[in-house]
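Working notes, structure below.
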Amino acid sequence: MKTVVESNEARRLPKIPKGTRDFTPEEMAIREKAFAIIEGVFKRHGAVALDTPVFE
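Each step along the sequence shown adds one to the number in UniProt numbering, with nothing skipped, and position 8 is 8.
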């Protein structure tokens, strides 16, 4: 009986979805800075934003 309970608990543990990753606060700061630079260049050349869903 104990192994059934343990296996049920293991299935309920949240997992990062396949093909995704988490960023540390330091990585996010670098990422946000890079995207801000890229976005600025695009806007200077007349581009408009396009936001698509992350998960479907």
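Backbone N, C-alpha and C define an ideal beta-carbon position, used for all residues, glycine too.
Only a predicted model underlies this, so the values are computations on that prediction, with no experimental measurement involved.
Please state whether DSSP places residue i in a helix, a strand or coil.
i	result
VAL54	coil
ARG21	coil
residue 74	Look at the range of the chain in this structure, 1 to 56, and you will see that residue 74 is not part of it.
VAL33	For the sequence presented, residue 33 should be read as Lys rather than Val. Helix.
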